[in-house]
Every structure is written in structure tokens, then in C-alpha cells.
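Below: one structure, written as C-alpha cells.
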Amino acid sequence: MLKNNTLIGWLMALPIMAVLVFFLVLPILMIVTVSFWQATEFSIIPAFNFENYAFLFGSEVTYRVFFNTFKYAFTTWIFTLCIGFTVAYFLAFHVRSLTWQIVLFLLCTIPFWTSNIIRMISWIPFLGRNGIANSTLTSWGVIDQPLDWLLFSDFAVILAFVHLYTLFMVVPIFNTMMRIDKSLIEAARDAGASGAQILWNVVIPLTKPGIMIGTIFVATLVMGDFITVRFMSGSQSANVGRLISNDIALLAYPSASATAVVLLLTVLIVIGIMLRFVDIRKEL
Amino acid sequence: MPKISRRNVLKGGAAFAAGTTLGAPMIWAQNIKDVTLRQFGTGVSNLNDVANKVKEDLGFTLEMTALDSDSVTQRAATQPNSFDIADIEYWIAKKVWPTGNLQAMDTSKIKNYDKIVGIFRSGKLTPESTIAQGTAPHTVGFTEGPDGKGFVDNESGWMTLIPTIYNADTLGIRPDLIGRPINNWSELLNPEFKGKASILDISSIGIMDMAMVVESMGEYKYPDKGNMTRDEIDLTIGIFTEAKRNGQFRAFWKSFDESVNLMASGEVVIQSMWSPAITAVKAKGIPAVFQPLEEGYRSWGGGIGLSAALTGLERDAAYEYINWYLDGWVGGYLMRQGYYSAVPETSKNYMSENEWGYWFEGKPATDVITSPTGDPLAQAGEMRDGGSFYDRMGAVAAWNSVMDENQYMVRKWNEFIAA
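These protein sequences, in sequence, are chains A and B.
Using the numbering used here, the first residue of the first sequence is number 863, and each one after it goes up by one.
Using the numbering used here, the first residue of the second sequence is number 6, and each one after it goes up by one.
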């Protein structure tokens, strides 16, 4: 009987396993394999050597670009966390009726009805030298000269990231907040805790899994991005994603694969470290 | 078995009639409408209007795919079965031809071969011309025979690409925002335009623009801009990296549309640019000049190559297509966008006297000049930037190139972008 159960268990897991093996494991194995190959300008030669990795780790540009990638991920994380937490807190604790919570939550998702790229590109005319932001500030007399750093700068890149990815922070945090037992907060208040103390000692510890899931979303999305960096920096800044896309454009698949493998490992390590702090499975 | 119906017979008759008026062989009159040729290339000449006109004039179907220069090279080199006709640039041919994915073309089958301009045959525009640096089209335009894998330096009768389109590029400027004459390539790095300059992020073309600037600044005189040594590459990119760190550039552009937007929005007042992009800015009613410079132009040329896999009826159709291409309709269409046709004299039949005078002869327009889509580009009395065909193509300083140290250059270019 037990044996039969195990078999049924395996059979039930089979479809998802097949999907994961074909669409996740095999492609990654392929990338790892190709990363050891050699490429000339036009042909890719199966081989086993560390040339791609040697070049990658031997170049000062790689370190600068990885640093840039972390910088974008970290700054974006700070902003999306602050904004996302505040929005989720407002929705979960200040809006009392469930109907309004749902209405306001859906409101947050409206921007997602248009494509990512369009939402990103729409910043360009807004932030440009003669854009709406600059002309408004000039007409208010705040500035005399248009602010050049608004567009094609790290500021623009991070602004776009925050705009695109804050919702990925709001959703999981809101979700965990909704499941906090309201009586816990009442109990804390009865015990004489101030608002700040309740926030710090009750709400934040209980929303940690949501924060962590949001963090994983934002970190992986930002670290794997290339198009936002390309458009918002006017091609002037690079992150790892752009390094890979440049390599692919120049037919250097092995070198692109090597970079992808290093990026994958880096992201896995980052997520591994995060999971050390919070056990998502236990707290879900 | 094809169904014989009144309709098919009529269609066949129409194709036959078209075939005879064009002086084309009639063997394909019946089957030709079933032929589909797949053409891919950069956006400049992959135009749906051309495909429609081919269907109308020749009867067969041309499927067009437009890609950027890097993707075009990639596809021509790695996926020979994915295309029948490659519409590529000469520097791309230098990289792709040795792979054997293209076949040599017999010039005796090209009706207008004798009328093709000298640049693509002897390399000389006029007998007195000197040949510019870089990958000049004639150096990679001929191969030794039907199965040739190398290039030869004479008109061997076997062409790698049949030339179709070319132009002389220079810097584009916004005269209204600069307010003074611009005469040298070195102005691109002039601190006066700090944060308002741009260069294109396509390494093989960008490096040539850089070399024009470096030479104009008096920093270095290249023995051959089109084939730099590693030291020369380091020097060139070094100068630009420093300028980039000092905030000289507003942005880099990769696609045609980006260059138009940068210029039209006033983000950039001076940048590397292509002729039709200037046309597009002007069509929005914004002043832009394709500024002729003392040091000369950076030029490029494109042509049509046939896939090595193409045989039989399809190949005959491809030759018909090439002959039709050089027959003038496409040439006129391209010339109205500011490009040049490989056989300019046939294009003349498809352009008005005013258009021919403005675009080719550099004469003042006698009436409004419009783009192929109908937007006004110039008023009566205005002249084309840079003047006539011979003024412009005669002042070419360098051709787009592939260097021996290409891979090194590409790595350095990536570092420049990431710097």
C-alpha cells in the first residue's frame, strides 16, 4: 500500500518535473556547456577550456560592471522596499473595508496593463532636457537651467526600476500583512506599546517572509535586466545583462554563456544569503 | 498538378506580357508566381514598397526581414538556409564571404553591369579619383570564379555582391542650437557641446567616426583608418573614453529611430548620423543639417548577395530581381531618401527633373522636394547638404571596415561602453 502511494506521488509530480527538466534544467546545462566552448568570429567550436572565464575574471571592466549591477539592485531594493512597505501597510491597516482594499489594490495593478518597455520609454520625453519635468521646474522658477541629470543617468535608470518593480514588493508584503492576526496588534496596544513599537516589534517581524519574497523578485529582476539600463542610461552605463546582450549581438555565445553562468551563481549566492535570514517555507 | 482555369491562364498571360516588356526570359512566366524569395538585411533598403512593386512587376513574392547590422552579419554567417537573398554591406561581406554561405554572381547576366558606377568596379569614381581608406567596396566586390572563396582586385566577371545602395555619412547638427558654422570632425569632442554630443554604438562604424575625429583633432594620423593596429585602437578608444568620463556624451544610439529622437528632441546637437535620419528630423519641421566637413565623409555601400543554396528557378528569379533592382525604380525610390543608386542614370527615368537636380546634381530645388511618403523636405531654392553626387562621393575619406584586429577592437569597444 505504501509502495503504491509513493508511486502515485511520483506520477503526480511527473508533469511538473518534466516541464522543469525540459525548460529549466536542460537549458541551464546547455549554457554551462557552451561557456567552456571556443568562438571565432563566425563559428563556435566545442571544446573544454577556461578561456572565457579567464578573460572574464581578468578584465577590470567585469568587476566594474558587476559592481554597477549590485549598485542598481541595492538602490532599487531600498526604494521599492520603503515605498512597497508603506503602500502595503496603508492598504492592510488603514483601509478598513475589504471592498476598498480590493479596489485600491487593483488600482495599483493598472500600470501593468501596458507593456514594461512602454512604461519605461514614456519616462524619456518626461525627463528630457526640454521635457515636462524640466519645463515645469523652469516655469516655477525653481531652476534656471534644465537639469541634465534627470535623463540618461543612473538616476533615470533607478527611477525606472523603482517604477517598474515596486508592485513586486507591494503584493507579497500586502499578502503577509493581511494574514497578521489583528488581535496581536490590539494586545500590543493594550500592553502599552506605542505605534512605532508595534510597527517595529510586531508588524515587521511578521511581514518578514513577504519582504523576503519581494526582495527576491526585485533583486533577480534588476540583476537580470538589460533593456532598462540601455534605454534609461542612453547606452552609457552597463550592467551584466548588457554585457551578455553585447556578446550575443557579436556572436560570442561562449563568452555570453560564461558571463551568464557567473551571473546565475552570483544571484543564487545572494538569494542563499537572504534565505539564511528568513525561512520562507516555515513562515508561509 | 496546377489547376488550369481561365483565371490562371489570364495571370500567366499577364506575367508573360510583363516578362516580354522587360526583355526577360519567358521560361518562368508560368511558374514564377509560385516562387518566394526570402530577403533579409538592414532596415535601409528592406522596404515593403519594394516587395509590393516586385510582386507587381515580376510576379513573385519577396519576403523581407529587417535586422540591425550585427544581427545581419550573424545570420548571414551562421544560418545560410534561412535566406535566399542577403542585402548586406560590403564590410559585412568581408566577414561573411569566406564562410562560403554566398555564391558568386555572373556579371554577364547583369544587364546594367557596364553602367554601375566606378566605385564598385575599379574603385575610382572618376579616373582621377584616389581610393579612400577602409574596406572600399571594389576590394571585396569580386572573386576569382564561380566557386571563388577569396577576393580579387580586378573585374573578374564574378561578383560577391551586386551593389545597390550607398552613401557618404558625416556628422548631423542642429544649426539652430549651435548657432555657428561647424567645419571639422573634431567638433564632436569640443567641450562647448559637453553633454550634447552622441556617437553610434555599432562598433565597426563607430570606430571609423572616432578615427575621423581623432585625426581631425591632430592627435594622430592613421596609415589606414580601416585597419588599425592594437596600439591605434587603444589610442582612439582611450581619447573617447576620457571624453565620455568628462560627460561629453548625452547618449549613444544603436537604431535609426533613436538617432532621430535624440536630434529632434534637442537632447543632442551634434552626433554621428545617417542621411535618412536627417531627412526624418527635417520632416518633423525641425532644422537639421547633414554637415559636410573638411576632412571628408565616412562612406558605406551595400549590395545584394545570393545564398549558396539558391539554384534553378529560384536563382533565375533572383537574377531577374537584381536586374529589376538596377533598372531604376528602386534607385529612384532610394535616391529620394538621400541614398545613391549603383546605376544612377537608370534612376533618372523614375525621378522628376527637380528631384534629380536636387538629390543628384546638387542644384537648388525648383519646387518643393518631398520624401517618398510625401512629407516636404526642402522648399524651392534650397540645396542638398554637401552638394552634388560627385562633390559628396568624391570626398570620401574612409569606408566602413572590418579590421584584422576586429575581435580586439570589439572587446575594447565593449569596455568603452561600460566605462
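Glycine included, each C-beta is placed from N, C-alpha and C at the ideal position.
Checklist entry - Given 8 Å as the limit, is there contact between the segment 163-177 of chain B and the segment 246-257 of chain B, that is, 3 or more CB pairs closer than that? => result no
Item to check | Cross-strand partners of Gly306(B) (DSSP beta bridge) | outcome: Tyr171(B)
Checklist entry - What does Glu420(B) reach in chain A if we use C-beta pairs closer than 7 Å? => result Val923
Next on the checklist: I need the straight-line Cα distance from Gly271(B) to Ile187(B), nearest angstrom please.
Outcome noted: 17 Å
Checklist entry - Could you check where the beta strand (DSSP E) with Gln296(B) kicks off and where it finishes? => result 294-296
Checklist entry - Straight-line CA distance for Glu913(A) to Tyr1115(A)? => result 13 Å
Next on the checklist: Are the CB atoms of Thr144(B) and Ala109(B) within a distance shorter than 8 Å?
Outcome noted: no
Item to check | Counted within 10 angstroms of its Cβ, other Cβ atoms place Thr895(A) as buried (16 or more) or exposed | outcome: exposed
Checklist entry - For a contact meaning CB atoms closer than 9 Å, what does Leu1150(A) contact in chain B? => result Any property of residue 1150(A) remains undetermined from this structure, which presents chain A solely from 863 to 1146.
Checklist entry - Would you say Arg981(A) faces chain B, with C-beta separation under 8 Å as the test? => result no
Checklist entry - So the alpha helix (DSSP H) Ser221(B) belongs to, where does it begin and stop? => result 208-222
Checklist entry - What is the C-beta distance between Asp89(B) and Leu315(B), in whole angstroms, given that I count them as a contact (C-beta under 8 Å)? => result 5 Å
Next on the checklist: Against chain B, does Asp1010(A) count as a neighbour if the rule is that its beta carbon must be under 8 Å from one of theirs?
Outcome noted: yes
Next on the checklist: Quick check: the Cα distance between Ile1035(A) and Arg235(B), rounded to an integer number of angstroms?
Outcome noted: 54 Å
Checklist entry - Just to confirm, are Gly46(B) and Asn172(B) a CB contact at a threshold of 8 Å? => result no
Checklist entry - Do you know how far the Cα of Val218(B) is from the Cα of Lys199(B)? => result 15 Å
Next on the checklist: Considering only their Cβ atoms, is the gap separating Phe1014(A) from Gly1096(A) smaller than 8 Å?
Outcome noted: yes
Checklist entry - So which residues on chain B does Ser1097(A) lean against when the C-beta distance must stay under 8 Å? => result Asp206, Ala256, Phe257, Trp258, Lys259, Ile422
Checklist entry - Looking only at C-alpha atoms, which of Ile1089(A), Gly1003(A), Phe919(A), Leu1137(A) sits nearest to Ile1073(A)? => result Leu1137(A)
Item to check | Gly993(A) versus Val274(B): straight-line alpha-carbon distance, rounded | outcome: 16 Å
Checklist entry - Using a C-beta to C-beta distance shorter than 7 Å, which residues of chain A count as neighbours of Val415(B)? => result Leu1112
Item to check | Residue range of the unbroken alpha helix (DSSP H) whose run includes Phe1023(A) | outcome: 1016-1040
Next on the checklist: Please determine whether the Cβ atom of Val40(B) lies at a distance below 7 Å from any heavy atom of the ligand ZN.
Outcome noted: This structure simply doesn't include the ligand ZN, nor any ligand for that matter.
Next on the checklist: So, at 7 Å on beta carbons, what are the nonlocal neighbours of Ser87(B) in its own chain, with the 5 sequence-adjacent residues on each side left out?
Outcome noted: Arg80
Checklist entry - Which two residues bound the contiguous alpha helix (DSSP H) that contains Gln1059(A)? => result 1057-1060
Next on the checklist: Counting only Cβ-Cβ distances shorter than 7 Å, please list the residues of the segment 264-288 of chain B near chain C, keeping chain order.
Outcome noted: Reference to chain C is not applicable here, since the protein chains of this structure are A and B.
Checklist entry - Taking DSSP as the reference, what is the three-state secondary structure of Arg991(A)? => result coil
Item to check | The beta strand (DSSP E) enclosing Val401(B), as first and last residue numbers | outcome: 401-404
Checklist entry - Counting along the chain, where does the beta strand (DSSP E) carrying Ser277(B) start and finish? => result 275-277
Checklist entry - Are three or more beta carbon pairs between the segment 58-69 of chain B and the segment 273-293 of chain B nearer than 8 Å? => result no
Checklist entry - Is it true that the CB of Ile242(B) sits closer than 8 Å to the CB of Lys417(B)? => result yes
Next on the checklist: What does the Cβ neighbour count give for Asp409(B), buried or exposed, with the cut at 16 atoms within 10 Å?
Outcome noted: exposed
Checklist entry - Curious, which full-length beta strand (DSSP E) runs of at least 3 residues does the segment 29-107 of chain B contain? => result 41-47, 66-72, 90-94
Checklist entry - Is the segment 974-993 of chain A close to the segment 1058-1075 of chain A, with three or more CB pairs under 8 Å? => result no
Checklist entry - How would you call Thr868(A), buried or exposed, if buried means at least 16 neighbouring beta carbons within 10 angstroms? => result exposed
Next on the checklist: Please state the DSSP three-state secondary structure of Tyr345(B).
Outcome noted: strand
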